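Working notes, beginning with the structure itself.
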């Protein structure tokens, strides 16, 4: 059995968690635990309620850790979660994050001296944790995998699925979730977006809708 | 205010709903209502619990309808939901589905004579509702938009966002969710996947993990 701990908290971005979840929950013998400092319903940043079914203490040694990010809570201030991930990382097979979830890994001291990524709007902040921010969608450093903003968790999870269950299984999982993306624009990264799009997106983020 | 009704139900696929939600909830003046025949917690197909906060009766005339699909419940058998979508469609600005959610639109008579899509595994079943199944990721037919399997809801929502709020806003939303997909394989559609991947994915679907 592969125990996967997915951290939930108020203000998190739902897709940061649900993207990886749809891939990882389908791995052979996977069991996903939705953990939180306080179990129960968590209201995500634009309203959807997800439910955490386990406390951090109940899942002390997960095989795979997934830390989603948030637009509302810029960086999660939750000492219990920081301490939990610090300890769980000692025995995990993979420790991963999506979007600003990498800040929690940073706060736990896990990114010291490592290349890492985050949402483009705050990527450089990773330096404060001794990490080297890089403009890549998925960054694998040993057993630590960080992904870019929100939707990048899907790519991260498929990368991880290949390492856990082989490339054939990862290819099949990609087909199961019909992941043949056809985004209408070429504006999905800071490097590709034009200045007007960047400004508009930054305004949306500042208004707290992300 | 743009009222967006997202149908939740036991056995649904979480990403079918959460992909569109992350885009549509960020539209100007959007209000997302999570509706269900019976409000309350809904257990999605691989375990995550989402909460519906409104009954169908409470949201009779949404501007935008989003019907997610399911792997566990092949086609949603919920006469109340079928009747609700049939009526709501009469006044909606957009009626949309992701994955097998199109079967509910079909059951409500909305796809009669229209081009439409669904998850590749069951796409041809749309003929039973008088629809013409097409192998496209997002199909726009008047005010009806159907999307392919699971992850296709993100592309659908960005297409819809452009029509609702303009292309500049849609480009910015794509950057907000950092949707610059880099899938590790080219196996995300039936047409692109090799025979082994198709077989493996079909087995995963049959085992009910999707």
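Protein chains in written order, with the working numbering: chain L, 9 to 218; chain S, 9 to 218.
Think of the CB as a built atom: it goes at the ideal place given N, C-alpha and C, for glycine as much as any other residue.
Small disclaimer: the values here were computed from a predicted structure and weren't measured.
Answer with yes or no whether the minimum CB distance from residue i to chain A is below 9 Å.
i                      : result
residue 190 of chain L : The structure shown contains no chain A; its protein chains are L and S.
Using the Cβ count rule (16 or more neighbours within 10 Å means buried), how would you classify residue i?
i                      : result
residue 215 of chain S : exposed
residue 204 of chain L : exposed
residue 218 of chain L : Note on residue 218 of chain L: pLDDT 47, under 50, position unreliable in the model; the coordinate value appears next. By the 10 Å Cβ count, residue 218 of chain L comes out buried.
residue 177 of chain S : buried
residue 132 of chain S : exposed
residue 194 of chain S : exposed
residue 116 of chain L : buried
residue 36 of chain S  : exposed
residue 157 of chain S : buried
residue 99 of chain S  : exposed
residue 25 of chain L  : buried
residue 208 of chain S : buried
residue 172 of chain L : buried
residue 88 of chain S  : exposed
residue 150 of chain L : exposed
residue 65 of chain L  : exposed
residue 135 of chain S : exposed
residue 121 of chain S : exposed
residue 138 of chain S : exposed
residue 160 of chain S : buried
residue 174 of chain S : exposed
residue 143 of chain S : exposed
Tell me whether the beta-carbon of residue i lies closer than 9 Å to the beta-carbon of residue j.
i                      : j                      : result
residue 58 of chain L  : residue 59 of chain S  : yes
residue 119 of chain S : residue 90 of chain S  : no
residue 69 of chain L  : residue 38 of chain L  : no
residue 181 of chain L : residue 54 of chain L  : no
residue 196 of chain L : residue 75 of chain S  : no
residue 21 of chain L  : residue 79 of chain L  : yes
residue 124 of chain L : residue 110 of chain L : yes
residue 13 of chain S  : residue 96 of chain S  : yes
residue 167 of chain L : residue 192 of chain S : yes
residue 15 of chain L  : residue 81 of chain L  : no
residue 165 of chain S : residue 17 of chain S  : no
residue 201 of chain S : residue 34 of chain L  : no
residue 23 of chain L  : residue 23 of chain S  : yes
Given that residue i touches chain L, what residues does it touch there, using C-beta distances under 8 Å?
i                      : result
residue 67 of chain S  : Neighbours of residue 67 of chain S on chain L: none; closest Cβ ~14 Å, over 8 Å.
residue 166 of chain S : 191, 192, 193
residue 163 of chain S : 189, 190, 191, 192
Under the three-state reduction of DSSP, which class applies to residue i: helix, strand or coil?
i                      : result
residue 218 of chain S : Annotation note: pLDDT 47 at residue 218 of chain S (below 50); position unreliable, no value reported.
residue 131 of chain S : helix
residue 58 of chain S  : strand
residue 20 of chain S  : strand
residue 35 of chain L  : coil
residue 186 of chain S : coil
residue 26 of chain L  : helix
residue 15 of chain S  : strand
residue 210 of chain S : helix
residue 162 of chain S : helix
residue 82 of chain S  : coil
residue 114 of chain S : helix
residue 157 of chain L : coil
residue 192 of chain L : coil
residue 43 of chain S  : strand
residue 124 of chain S : strand
residue 104 of chain L : strand
residue 180 of chain L : helix
residue 144 of chain L : coil
residue 67 of chain S  : coil
Just the chain L side, please: which residues come within less than 7 Å of residue i by C-beta, in chain order?
i                      : result
residue 42 of chain S  : 56
residue 133 of chain S : Within chain L, no residue comes near residue 133 of chain S; the closest Cβ sits about 15 Å away, beyond 7 Å.
residue 157 of chain S : 185, 186
residue 27 of chain S  : 23
Just the chain L side, please: which residues come within less than 9 Å of residue i by C-beta, in chain order?
i                      : result
residue 176 of chain S : 204, 205, 208
residue 128 of chain S : 183, 186
residue 86 of chain S  : Per Cβ cutoff of 9 Å: no residues; residue 86 of chain S is ~20 Å from chain L at best.
residue 64 of chain S  : By Cβ distance, chain L contributes nothing, its closest Cβ being about 18 Å from residue 64 of chain S, past 9 Å.
Can you name the residues of chain S whose CB is closer than 7 Å to the CB of residue i?
i                      : result
residue 182 of chain L : 191, 193, 195, 196
Would you mind telling me which residues of chain S sit closer than 9 Å to residue i, beta carbon to beta carbon, in chain order?
i                      : result
residue 145 of chain L : 186, 188, 189, 190
residue 37 of chain L  : Residues of chain S passing the Cβ test: none, with the nearest at roughly 11 Å.
residue 49 of chain L  : 49, 57, 59
Kindly list, in the order they appear in chain S, the residues whose Cβ is closer than 8 Å to that of residue i.
i                      : result
residue 172 of chain L : Near residue 172 of chain L there are no residues of chain S at all, since even the closest Cβ is about 13 Å away, more than 8 Å.
Tell me whether residue i counts as near the ligand MG, meaning its Cβ is closer than 8 Å to at least one heavy atom of that ligand.
i                     : result
residue 83 of chain L : With respect to the ligand MG, the structure offers nothing, as it holds no ligand at all.
Stretch-stretch touch, CB-based, cutoff 8 Å, three pairs: the stretch 101-119 of chain S with the stretch 46-54 of chain S
Contact fails between the stretch 101-119 of chain S and the stretch 46-54 of chain S, because fewer than three Cβ pairs, one in each stretch, are under 8 Å apart.
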